[in-house]
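Engineer: Using the numbering used here, you'd call the opening residue of the sequence shown number 81 and step up by one each time. The structure that follows is given in the form of structure tokens.
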Amino acid sequence: IGPGRSLCAPAVLWVLVSGCTLPPSNIDPSGQRIVAPQAGEPAGPYVEVPARIGPGDCSEFALTPLETAASVGTEVILVASVRGQDQYMLTNKRVEWTLAESGVGYFVDFNRAGVMDYLVGDFTRPRKVTDRFVITSTTRDYQRLTRGTITPGDDVLIRPGQAWVSVTSAVEGTSLVNAYVPCVYGWDRRIQTATIHWVDAQWTLPAPAIVPAGSRHKLVTTVTRQRDGSPCSGWKVRYEILDGAAAVFAADNSSTAEVAVDSAGQAVAEIYQTQPSTGVTRIAVQIVRPGDAPGASGRQLTVGSGTAIVTWSGAQLNVRVSGPGTAAPGTQSFRIEVNNSGSLPADAVSVNVTLPAGVSYRSGNPAPSVSGSTLSWQVGRLNGGETRYFDLSVDIASAGSYSICAAAQGSGGVAARNCAAVTVGAPQLAIQIRGPDQAVVGQDVNFVIDITNRGQAAVSGLLVRDTFDAGLRHSVAQGAVERDFPGAILPGETKSIGVTFRVVQAGRWCHTVQVTGPGGIAASQQACLQASEATGAAGTPGAGATAPGGGLSGSGPAAGAGVAAPGPTTGTPTSPYGGTTPSPATPGGTGPAAAPPAVPAPSAGSPPATLPPAPTGT
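Below is the structure:
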């Protein structure tokens, strides 16, 4: 034995002997602490594990879904979202996934690293270590997991700061998946567990149905095993009416029904309406695995859900009457619109209008059957979505408020009614005559007639009549001239027309304007002027007189003659009456021909009306 070995043997012996004589260590029998500090043990230095959390460190993470059910052979995607203290998502954080050995299933896919992850110093290297252990890192990318299908309804969206794995199982059972995020500060929050219940089942929910209102309809849900198509007898389907048109289940006249899957793999519930009405009823459908099914461990589990739609259809009539809200006495037009908004035709449809007192029928398109004050149209069949129109003209003789109501009805009790209200007001007309109050014999004088509607309804069909004294002469009429006023005058609106006379005698001469219309509309106003003889050299018109001219023969209105809209005059400087100085005589003329004096312009916003060129009168 060499010298080295001779020294080792005594040392070993000393250790063995001293170990038997040293005082026993402080071991915590509970296992929470391996070695308890001895009394008087120094306070440090110790390294805290975990270290104190910093502003950008992980504070929590969320795992979704925490519990779900899926058919065997499908893939369930689990997503872990890691957040900091400021609730912002954190990228490039390690997430470890472990599938419990006691359960079924295995990992299939996971999010992989990109080039940018390595450039920012993340060397986690996501990988599948085994079928039951996967290491990932929260991604820096936005991803859409389409599952390779064209149906967007099964897509899963992944945002930066999330990591994901997919899990599947070929047999029924339960998978327990633990997600562990090492960077999360609190140890009570860094591990979460997701539970996946795998069932060998597939189901078909009731298809949307359109049925007649008031009828009965059967909701059929089919539940079979995926591997061989055999019925899942004993399973349950729960139906619950959510909202929409009122209906109940026939089994117990309630809004819920729970039906067992029969030997054909079907769970049938009958629904009906206690009071027929059109509309849509939404029904929630849940597929329930019973607690006594294999692998259920006595726990009832909802493995699938969806919504069924039942549309109660029928004819639905709608009526709309449109017309003027305000009007003047006279003929008024209304339109009646009848529509079937239902999906089934309405048969034997008729439309009736009963005219109120003070309203009489004038015409209709199409023409109705008239019986006293009642108008009727026979429509017959009105298909779903079809609309018919009826135009109606009536005469309203006096002011007041009236309602024109139309009612439509068809077979099966479908009916609708609508009214249009109209206020008929007696228009209040005001007349103002603007023009000179002095003139000289031989002078042409212009007057502007302003007609204002101070009533609450538009007025039309007016007749304007101007009666004048013998000292005034009109180019085409003696004593009076009248003209139909074109268009309508709206409430509050003013419209103007002009009239021109030639002064033929000295004295005080007047003309009176009368405006009449339907329903007894009437207004009048008078204007006068003082005419004096012309003064000046013989053969020369005096001050204010016009130069010689023609156009008074009556064969047609000369310039400035007749009832017409006043227009601008020519010449510069103005006369005391607002007109122009006389222009030179027109060669070959037989009388004065200068432009007549201008008259004040019509009120703002009311341009003079332009009347037909050939007036009528006496």
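Beta carbons: idealized from backbone N, C-alpha and C, even for Gly.
Following the continuous beta strand (DSSP E) through Tyr469, name the residue where it begins and the one where it ends.
Structural biologist: Start and end: Thr467 to Ile476.
Engineer: Tell me the DSSP secondary structure of Tyr319 in three-state form.
Structural biologist: Here Tyr319 sits in strand by DSSP.
Engineer: Among the candidates Arg205, Gly505, Gly183 and Asp211, whose CA atom is the shortest distance from the CA of Asp189?
Structural biologist: It is Asp211.
Engineer: To the nearest angstrom, how far is the alpha carbon of Leu455 from that of Ser413?
Structural biologist: Cα-Cα distance, rounded: 15 Å.
Engineer: In angstroms, rounded to a whole number, what distance separates the CA positions of Thr514 and Gln610?
Structural biologist: For the sequence presented, residue 514 should be read as Arg rather than Thr. Each residue's Cα considered, the two are about 15 Å apart.
Engineer: Could you check whether the segment 502-511 touches the segment 408-428, counting it as contact only if at least three pairs of C-beta atoms, one from each stretch, sit closer than 8 Å?
Structural biologist: The segment 502-511 is in contact with the segment 408-428.
Engineer: What does the Cβ neighbour count give for Trp457, buried or exposed, with the cut at 16 atoms within 10 Å?
Structural biologist: With 16 or more other Cβ atoms within 10 Å, it is buried.
Engineer: For Gly464, name the three-state secondary structure that DSSP assigns.
Structural biologist: Three-state result, Gly464: coil.
Engineer: Check whether the Cβ atoms of Trp278 and Gly386 lie closer than 8 Å to each other.
Structural biologist: No, the pair does not count as a contact, with Cβ atoms beyond the cut-off.
Engineer: Going by other Cβ atoms of all chains shown within 10 Å of its Cβ, with 16 needed for buried, is Pro516 buried or exposed?
Structural biologist: The residue is buried, with at least 16 neighbouring Cβ atoms inside 10 Å.
Engineer: Look at the alpha carbon of Thr148 and the alpha carbon of Pro130, and state the distance between them as a whole number of angstroms.
Structural biologist: Straight-line Cα distance between these residues: approximately 33 Å.
Engineer: So for Gly493, helix, strand or coil by DSSP?
Structural biologist: Three-state DSSP puts Gly493 in a helix.
Engineer: I need the straight-line Cα distance from Trp283 to Ser246, nearest angstrom please.
Structural biologist: Each residue's alpha carbon lies about 23 Å from the other.
Engineer: Considering Cα atoms alone, identify which of Arg400, Gly194 and Gly183 is closest to Thr171.
Structural biologist: When each option's Cα is compared against that of Thr171, the closest is Gly194.
Engineer: With distances taken Cα to Cα, identify the nearest neighbour of Ala426 among Ser612, Ala395 and Lys575.
Structural biologist: The residue with the shortest Cα to Cα distance from Ala426 is Ala395.
Engineer: Any chance the segment 157-172 sits against the segment 214-228, with 3 or more Cβ pairs inside 8 Å?
Structural biologist: Judged by Cβ distances under 8 Å, the segment 157-172 makes contact with the segment 214-228, as three or more pairs qualify.
Engineer: For the structure I just gave you, are there three or more beta carbon pairs, one from the segment 482-490 and one from the segment 571-580, closer than 8 Å?
Structural biologist: Touching, no.
Engineer: Going along the chain, which residues of its own chain have a beta-carbon closer than 7 Å to the beta-carbon of Asn420, five neighbours each way excluded?
Structural biologist: Ala395, Gln396, Leu397, Ala426, Leu462, Asn463, Gly464, Gly465 and Glu466, listed in sequence order.
Engineer: Just curious, the alpha helix (DSSP H) that Tyr168 is in, first and last residue?
Structural biologist: Taken as a continuous stretch (DSSP letters only), Tyr168 belongs to no alpha helix (DSSP H), as it is neither H nor E.
Engineer: Could you tell me if Trp177 is buried or exposed, where buried requires 16 or more neighbouring beta carbons within 10 angstroms of its beta carbon?
Structural biologist: Counting Cβ neighbours within 10 Å, Trp177 comes out buried, since at least 16 surround it.
Engineer: Buried or exposed: where does Tyr222 fall if 16 or more other Cβ atoms within 10 Å of its Cβ makes it buried?
Structural biologist: By the 10 Å Cβ count, Tyr222 comes out exposed.
Engineer: Going by DSSP, name the residue or residues bridged to Gln380.
Structural biologist: Its beta-bridge partners do not exist; DSSP assigns none.
Engineer: Quick check on Gln242: buried or exposed, where buried means 16 or more other Cβ atoms within 10 Å of its Cβ?
Structural biologist: With 16 or more Cβ atoms within 10 Å of its Cβ, Gln242 is classed as buried.
Engineer: Can you tell me which of Arg224, Ser182 and Val175 puts its alpha carbon nearest to the alpha carbon of Phe203?
Structural biologist: When each option's Cα is compared against that of Phe203, the closest is Val175.
Engineer: Relative to the alpha-carbon of Phe581, which residue among Leu424, Val162, Gln523 and Ser604 has its alpha-carbon at the smallest distance?
Structural biologist: Looking at the Cα atoms, Gln523 is the closest of the given residues.
Engineer: Can you tell me whether Leu146 is buried or exposed? The criterion is at least 16 other CB atoms within 10 Å of its CB, across all chains shown.
Structural biologist: So Leu146 ends up on the exposed side.
Engineer: Taking the DSSP output, what are the residues bridged to His591?
Structural biologist: Answer by DSSP bridge pairing, in chain order: Phe548 and Ala607.
Engineer: Does Pro125 come out as helix, strand or coil in the three-state DSSP assignment?
Structural biologist: It is coil, neither helix nor strand.
Engineer: Would a C-beta distance cut-off of 8 Å place Gly460 and Ala428 closer than the cut-off?
Structural biologist: Result yes, Cβ atoms of Gly460 and Ala428 sit closer than 8 Å.
Engineer: Assuming Gly572 contacts Ser540 under a Cβ cut-off of 8 Å, what Cβ separation, rounded to an integer in Å, is found between them?
Structural biologist: Gly572 to Ser540, Cβ: 15 Å. No contact.
Engineer: Leaving out five residues on either side along the sequence, give the residues of the same chain with a beta carbon under 8 Å from the beta carbon of Leu435.
Structural biologist: Same-chain partners within the cutoff: Tyr441, Ser453, Thr454, Leu455, Val474 and Ile484.
Engineer: Candidates Arg305, Glu140, Leu299 and Thr361: which alpha carbon is nearest Asp323's?
Structural biologist: Minimum Cα distance to Asp323 is reached at Thr361.
Engineer: What residue does the alpha helix (DSSP H) around Leu199 start on, and which one ends it?
Structural biologist: Val195 to Leu199 is the span of the alpha helix (DSSP H), which, as asked, contains Leu199.
Engineer: Determine the burial state of Ala623: buried for a count of at least 16 other Cβ atoms within 10 Å of its Cβ, exposed for fewer.
Structural biologist: Note that Ala623 scores 38 on pLDDT, short of 50, meaning its location in the model is unreliable; the coordinates nonetheless yield the value given after this. Flag for Ala623 reads exposed.
Engineer: In the structure shown, what three-state DSSP assignment does Gly622 receive?
Structural biologist: Note that Gly622 has pLDDT 40, beneath the 50 cutoff, so the model's placement of it is unreliable and the number below is only indicative. Correct three-state label for Gly622: coil.
Engineer: Report all residues from its chain with a CB closer than 7 Å to the CB of Arg207; omit the five preceding and five following residues, and keep chain order.
Structural biologist: Closer than 7 Å at the Cβ level, and outside the excluded window around Arg207, lie Ile215.
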